[in-house]
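So the structure is just underneath, and the comments pick up after that.
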Ligand code: HEC
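Numbering (our numbering), first residue to last: 77 to 532.
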């Protein structure tokens, strides 16, 4: 996958984004209910306040009990060993984050005590059939998802920079993880019983079901997003491929992504508009009408009991862009929103685990998508002591870096696909279409081979 935004641009953008963050009122506002929440790895101030016994890796604000009330439970220990990190200044990171804080250059899993612990825990898990310790289907699916994220994060096609560091250690973890992942797989009947966390979030009525122009900062989660009779339309590209090819490639098949549009005036107007888009040259793309809404949904791809991948009902994030004024500068003409998920909430039965990202919430927006690959939690050139901000950025003001349009404000996916000479189409095939694109990705090939080699 070619690098769309070279590193220099990303750095320049970081600077602009942090300035913008201070003034920007146009990002999604927090539900007051959400504001007291503490999430490790998302907000430096809150992390520092955690204080407590930082020498004890187990005091991660409940994160040592994500999968079971006993912090010594094998699942909790494995989760902690893979996800939780500590920087030199004693701060703990990575508790309830959606993606492990593992960058392409990271090696914390491959060295020293951590490496030995991870191997020992995985061996213990596989020898003792640790998958049988928990019967709750949602927990099994979620835990498998977490392990798949780690597998994906440590598995890169060799084109990503030639020689891989710690190739042996990497392979040792990959092999073991493949066994664990396969064994956690659910059968067809169990998969059917998995709840839809998106529906639960909508049913909770905690969030507005529509974008409210009078209250643009209020988080909205469109309850009718997947209703074929509703106002949202799934988009695809030439040959019914997903429109989100950059996400697909950069996330290396961790999840599948789908883009939906809610077009002013309805589906007929949308079809007419798409005809114009497909006929136009990249320099003369028609301007979107004011009020066009886009959503990109991230859905977990899991492995069933036969070792085959499937698109699960578990929604990991819902990001939205509303084009309120397409004649204005992109910084003021768009409203960005982002729902992420929390294991704690999901497993506690709260709003399907989905929560809006708070207005100034910090995080690592380039952890996976367009990532320069540097491990921000290790000392590096820009931060030799390993102290300081650790490269956290305001998440919502990072959106503009990749969504600043080109001339008239336009959908990023439209610009990209048209510049590749591909068309934008509507789609009625849902998630299967995205799975086709995933099958051929490097990480899935490695995982399948390892699972087949290990057998059941
Ligand atoms: C590192 C670049 C990058 C960042 C940061 C980013 N996006 Fe995107 N986004 C993309 C790309 C690229 C696409 C086009 C789809 C593809 O090729 O995967 C896209 C597509 C989308 C779409 C579908 C509509 C469209 O414009 O194509 C939405 C909605 C969206 N992003 C929301 C967000 C939100 C909200 C944020 C901030 C929380 C954000 N994005 C941050 C790169 C980014």
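Every residue, glycine too, gets a C-beta built ideally from N, C-alpha and C.
Outcome for residue i when other beta-carbon atoms lying within 10 angstroms are tallied against a minimum of 16
i           : result
residue 529 : exposed
residue 512 : exposed
residue 222 : buried
residue 420 : buried
residue 408 : exposed
residue 327 : buried
residue 211 : exposed
residue 279 : exposed
residue 66  : Only positions 77 to 532 of the chain appear in this structure, which leaves residue 66 out of reach.
residue 515 : exposed
residue 352 : exposed
residue 359 : exposed
residue 323 : buried
residue 220 : buried
residue 175 : buried
residue 356 : exposed
residue 329 : buried
residue 209 : exposed
residue 525 : exposed
residue 166 : exposed
residue 404 : exposed
residue 192 : exposed
residue 84  : In this predicted model, residue 84 has a pLDDT of only 39, less than 50, meaning its place in the structure is not dependable enough to derive any value.
residue 200 : exposed
residue 519 : buried
residue 79  : Because the pLDDT of residue 79 is 41, which lies under 50, any placement of that residue in the model is unreliable, and the number read from its coordinates should be weighed accordingly. So residue 79 counts as exposed.
residue 392 : buried
residue 205 : exposed
residue 504 : exposed
residue 523 : buried
residue 196 : exposed
residue 118 : Confidence is the limiting factor: at residue 118 the pLDDT is only 33, short of 50, which leaves the residue's position unreliable and the question unanswerable from this model.
residue 486 : buried
residue 207 : buried
residue 531 : exposed
residue 268 : exposed
residue 474 : buried
residue 106 : Bear in mind that the predicted position of residue 106 carries a pLDDT of just 34, short of 50, making it unreliable; the figure below should be weighed with that in mind. That one is buried.
CB-CB length for residue i against residue j, believed under 8 Å
i           : j           : result
residue 340 : residue 367 : 4 Å
residue 364 : residue 402 : 5 Å
residue 213 : residue 256 : Not really, about 17 Å apart at Cβ, beyond 8 Å.
residue 333 : residue 373 : 7 Å
residue 179 : residue 443 : 7 Å
residue 452 : residue 467 : 3 Å
residue 273 : residue 472 : So it is not a contact: roughly 22 Å between Cβ atoms.
residue 254 : residue 527 : 5 Å
residue 164 : residue 455 : 7 Å
residue 202 : residue 252 : 6 Å
residue 162 : residue 154 : Not a contact, Cβ separation roughly 17 Å.
residue 370 : residue 335 : 6 Å
residue 427 : residue 276 : 6 Å
residue 53  : residue 247 : The structure shown has nothing for residue 53, since the chain only spans 77 to 532.
residue 227 : residue 250 : 6 Å
residue 331 : residue 217 : With a Cβ gap of about 13 Å, residue 331 and residue 217 do not count as contacting.
Any non-hydrogen atom of the ligand SAM closer than 6 Å to residue i Cβ
i           : result
residue 480 : With respect to the ligand SAM, the structure offers nothing, as its ligand set consists of the ligand HEC.
*Quick one: which unbroken alpha helix (DSSP H) runs of 4-plus residues sit fully inside the stretch 250–299? Chain order, please.*
264–269 and 273–279
*Which ranges would you report for the alpha helix (DSSP H) in the stretch 354–428 if only whole runs of at least 4 residues count?*
Fully enclosed alpha helix (DSSP H) runs of 4 or longer: 406–409 and 419–423.
*Give a yes or no on contact between the stretch 310–319 and the stretch 492–504, applying the rule of three or more CB pairs nearer than 8 Å.*
yes
*At least 3 beta-carbon pairs within less than 8 Å: the stretch 378–392 vs the stretch 306–316*: no
*Between the stretch 380–392 and the stretch 260–272, are three or more C-beta pairs nearer than 8 Å?*
Because the criterion of three Cβ pairs below 8 Å is met, the stretch 380–392 and the stretch 260–272 touch.
*asked:* Ignoring anything shorter than 4 residues, give me the alpha helix (DSSP H) runs that lie fully in the stretch 173–255, in order along the chain.
replied: Along the stretch 173–255, the alpha helix (DSSP H) occurs as fully enclosed runs of 4 or more residues at 188–203 and 213–230, listed in sequence order.
_Cβ contact (3+ pairs, closer than 8 Å) linking the stretch 271–288 and the stretch 384–399_ = yes
*Hey, is the stretch 182–199 in contact with the stretch 435–448, meaning 3+ C-beta pairs nearer than 8 Å?*
No: the two stretches stay apart, fewer than three of their Cβ pairs being nearer than 8 Å.
*Sequence ranges, beta strand (DSSP E) only - wholly within the stretch 502–531, length at least 3*: none
*Any chance you could list the beta strand (DSSP E) runs of at least 3 consecutive residues sitting entirely within the stretch 310–349, in chain order?*
331–338
*Could I get the ranges of all uninterrupted alpha helix (DSSP H) runs contained in the stretch 137–178, with 4 residues as the minimum, in chain order?*
150–159
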